[in-house]
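Keeping their order, the protein sequence lines are chains A and B.
Per the numbering used here, the very first residue in the first sequence carries number 1; after that it's consecutive.
Per the numbering used here, the very first residue in the second sequence carries number 1001; after that it's consecutive.
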Amino acid sequence: MNVELRDPKIIMKLSKLGSFHQSKLSFLRSFLNEFKDWNYRRDLFDLDENGYGRAVYSFSKNNRTYSLVCFSNKIKDEERSDRVIATKWDAAFALHDGIPTKKDIERLFDNVPKQEIGRLSYKELTLSRANKSIRIFEHVVERLSNGKQPDKLSLSKVGYLYRTTAVYGSGKFGLADRFRIKNRKEIYGPFRLEMMLVYLVRQFTFDQVNHIAKCKNPKNAVKLDIDICRNLGIGNSTGLGMAPFIVNHPTLLNNWILAREISLKKIREIKNVEASESDLFLKCLNKSIKNITSWNSESSFQQKKINELLSDLKKIINHLQTEFSFNIENPFNEIYLWCEKNLNDECIEYIVSMMMEPFNDIVNPLIKEMSAEEEKYFSIPVNRNIVDLKKILEDQYSEIIKIDFSKKERNQNFWFISKNKEEPRVADRFLNKGSELEQPLAIARDIKKLYERILNQKNSLTVGKFLTDNNDLRHVVRRAFITEKFPYAEIQDNTIDSNLMPIDMLRLKLSFFGAVKFDPRSDKWLRINMFQGAPLPQELKSFDEHWIYNSLN
Amino acid sequence: MKSLSEIDTISKRASKAIGFSWGIAEEVGKNTRLLEMFGLPGIKHLNYYFKLYKKQKFQNISLISKLNSSKISYCPITAGVNFLDQINILQELDEIIFENVACPILFVPFLSRASEILGKKILLKIDKNVFLLNFNQSIYSNYFDTEIWERAEKLKITFIENNDLFSETEWKEIYKLSEDTFVDETEELKQTSAGAGLTDND
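Next comes the structure, spelled out in structure tokens:
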């Protein structure tokens, strides 16, 4: 049986992308698998009784070492802000390439806590900062110092002790460029260094809370229970900074989605499924319900999605228990088709993620295909003809070229870079100033413009010649030729529409990170949790790879 | 030290800010990154050129021919973009000459990328300086000046055919030496090597 890959024109709609969930392909899960045989160490832990000071954690193997350098300091409650405009944080971190010397640590001490206004060097790979969840952190310190474990219910409502408010990499603020490290096999996959930083920060938060409790009451304090630690992750507040990334990295986006789509296709094509495989799928599905019921969000948009997901999950579990047998040919194809007919996008994509769990043989080779070399496809094939370009637009952007951009609502928003923090923002074109400085992220509008312009051109005209007079559309000519090669490279939606939900773009990226518990705080930013349920560093040598469904919460 | 990623982003934004389209700004970002990576002063010249660009007019060339001459200095960016866009036609010409080009260093990375696209080395002579552009892998040059190069009188481009840089005799001599790593095979081994003993007409 041959199953077709799902149509990019459906999959690449923002509402669909905004329904994606973590899966075996997610980077934080891949990272843990890839680093399970590395040696973890806490190399330095020099904090005062209040938990302020510095610490270094490392992963090493053979001659390679990656070290997280942590700085924690006192800040006033009124200075604590998750917004990107903040200038002080409870803790700041940099992932250093190698073992930092004392001189390196001093240099980092002068710069890392300053974040965007500090300068890093090619010896640093990623940079981040985080704030305490004060309510939870103080509760945990209080309980531990009195010899008691914290209240699990309170912990489950938050799910972490600290949340990061930005994680930077790839050459930002002087950090190492990707070209310096891209040939290292262990970090070839996307965002591995960002995942490593967050994972080690998580351990720092446990060590810090234990240390403060111990200093507070040396005789009676107890350590945070290992099971509780495992069920705490690292929170993250994420805003629009992430959104342009997926537009600006089309081949990377393609490779992420393609890996997911090929996985699904191959799983649907499996003729006979072993009992152990169907059992594992059902086990993960049933266990995961627990995670969803503990998924808190005050956002009515997200509440609706969670409720729909829960109700749909009940539907499919009931279907699988009462009407379905795995003893048929292509059972996962049947399940998928049933989902498409009976469930909403949120649950369909949830089940797609879940279907991957039993199939390492299918999924693992695809994990290695999820990086991309954007530069390779930068040059425009100028010797191609207009007829080729027209065909690409009609084939790959057929829905986009139907959009009527003469309507105000289709042009409502514009993307820009804020002057004060150099961060991407979106604003109403008709209410706010600055649309003349719009970033090139209105791809649908510009593709439509390109299509209209080439309609009047001779088919035999070369693209190079066309560009001579049409360089204002050069950026989308480039994209069209990329999309020809990479069908999942383009969001098949209007990113400036009045109905735009920017968090759909964030959700897509975060699902590939492996984030859970999406909690939108507006349509422009959300909180998430990473590594909740993940093995602790000392457990990495051997752990249950389906840990993500083991949350006690 | 600024990362190449920062150099790319900032050059792109600055190019847009000065008035180029986003598509061309993307090209300038990549180019400045290339210049800096190859050890040539990209940011220095881009910054200088944009200061000039605000004050004076530059000639925008669209169709490039064998000899391109202008009283007003050519804009190295539009000349470069159009050179890239017309590369398939231009490679048919033995050589191409531009007279009077502003900040010629900014033109160099366009040729470096053209060399990669064509799969041919390109020799570029700018006044007294020579640049050999090697498939966008490296730039060999006798240009080491740290001062701003505001204008080139003459810029001559030659496409170099893919020929060996050594004689057949030199190759034979080095090949013969390489044979000293080979070992004579015995008759017995020859009889058991791949394909031996079978008919090849089956």
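Just so you know, even glycine gets a beta-carbon here, dropped at the ideal spot from N, CA and C.
Within chain B, the residues that residue i reaches when beta carbons sit closer than 8 Å
i: K172(A); result: S1003, S1005 and E1006
i: V382(A); result: L1084, D1085, Q1086, I1087 and N1088
From the options, residue whose alpha carbon lies closest to that of residue i
i: F35(A); options: L193(A), L47(A) and L161(A); result: L193(A)
i: T165(A); options: S154(A), S23(A), N220(A) and R80(A); result: R80(A)
i: D207(A); options: D225(A), P190(A) and D493(A); result: D225(A)
i: A427(A); options: S435(A), N330(A) and E277(A); result: S435(A)
i: K265(A); options: E394(A), R119(A), E484(A) and V363(A); result: V363(A)
i: H21(A); options: E116(A), K152(A) and I306(A); result: I306(A)
i: H211(A); options: L467(A), K102(A) and D46(A); result: D46(A)
i: S1065(B); options: L1090(B), N1136(B), W1022(B) and H1045(B); result: L1090(B)
i: Q1059(B); options: I1096(B), E1185(B), C1103(B) and I1139(B); result: C1103(B)
i: V477(A); options: N220(A), R6(A), D43(A) and P381(A); result: P381(A)
i: E409(A); options: M1(A), D497(A) and K24(A); result: D497(A)
i: E78(A); options: K132(A), E452(A), R268(A) and L14(A); result: K132(A)
i: P535(A); options: R42(A), I386(A) and Y199(A); result: Y199(A)
i: R143(A); options: D472(A), D110(A) and V209(A); result: V209(A)
i: Y350(A); options: D7(A), L32(A), F486(A) and L309(A); result: L309(A)
i: G1023(B); options: T65(A), A480(A), I85(A) and E138(A); result: A480(A)
i: E277(A); options: I105(A), N330(A) and D104(A); result: N330(A)
i: R41(A); options: K524(A), Y549(A), H546(A) and P537(A); result: P537(A)
i: Q149(A); options: S156(A), K157(A) and V140(A); result: V140(A)
is_contact[residue i, chain A] using C-beta, thresh 8 Å
i: R1254(B); result: With chain B represented from 1001 up to 1202, any question about residue 1254(B) goes unanswered, as that position is not in the structure.
i: Q1091(B); result: no
i: K1030(B); result: yes
i: V1283(B); result: No answer is possible for residue 1283(B): the residues shown for chain B start at 1001 and end at 1202.
i: S1015(B); result: no
i: S1021(B); result: yes
i: Q1191(B); result: no
Under 9 Å from the C-beta of residue i: neighbouring residues of chain B
i: Y122(A); result: M1001 and S1003
i: S418(A); result: Simply none; closest approach about 13 Å.
Any C-beta of chain B under 8 Å from that of residue i
i: R474(A); result: yes
i: P440(A); result: yes
i: L175(A); result: yes
i: S379(A); result: yes
i: I478(A); result: Looking at the sequence shown, residue 478(A) is not Ile but Arg. Closer than 8 Å: yes.
Anticipated Cβ contact below 8 Å, residue i with residue j, distance rounded
i: P358(A); j: F281(A); result: 5 Å
i: M12(A); j: Y488(A); result: 6 Å
i: I1117(B); j: S30(A); result: 35 Å between Cβ atoms; not a contact.
i: M370(A); j: N255(A); result: 5 Å
i: L1133(B); j: L1165(B); result: Contact doesn't hold; Cβ gap of about 15 Å is too wide.
i: L1155(B); j: I1072(B); result: Between I1072(B) and L1155(B) the Cβ distance is about 15 Å, and since that is not below 8 Å, they are no contact.
i: V56(A); j: S67(A); result: 5 Å
i: D472(A); j: S1021(B); result: 5 Å
i: N146(A); j: N217(A); result: 7 Å
i: M356(A); j: S23(A); result: 5 Å
i: F59(A); j: M195(A); result: F59(A) to M195(A), Cβ: 11 Å. No contact.
Per DSSP, the bridge partner or partners of residue i
i: I351(A); result: Note: I351(A) sits in no beta bridge, so no partner.
i: S311(A); result: Answer is none; S311(A) lacks a bridge partner.
i: I1097(B); result: L1067(B) and K1156(B)
i: Q1059(B); result: Y1074(B)
i: M530(A); result: I234(A)
i: E559(A); result: Nothing can be reported for residue 559(A), as the shown portion of chain A is limited to 1 through 553.
i: V516(A); result: N529(A)
i: A1014(B); result: DSSP lists no partner for A1014(B).
i: K1125(B); result: V1130(B) and K1156(B)
i: V1081(B); result: According to DSSP, which records beta bridges pairwise, V1081(B) is partnered with nothing at all.
i: S67(A); result: S58(A) and H96(A)
Residues that residue i contacts on chain A, provided the C-beta gap is smaller than 7 Å
i: E1026(B); result: H475
i: Q1086(B); result: G464
Under 8 Å from the C-beta of residue i: neighbouring residues of chain A
i: G1119(B); result: Per Cβ cutoff of 8 Å: no residues; G1119(B) is ~13 Å from chain A at best.
i: S1062(B); result: T468 and D469
Under 7 Å from the C-beta of residue i: neighbouring residues of chain B
i: V198(A); result: Neighbours of V198(A) on chain B: none; closest Cβ ~21 Å, over 7 Å.
Proximal residues of chain A, C-beta to C-beta of residue i below 9 Å
i: G1039(B); result: Result: empty, since nearest Cβ-Cβ is about 15 Å, beyond 9 Å.
Heavy atom of the ligand NAD within 7 Å of residue i beta-carbon
i: N291(A); result: Questions concerning the ligand NAD fall outside what the structure shown contains, since it holds no ligand whatsoever.
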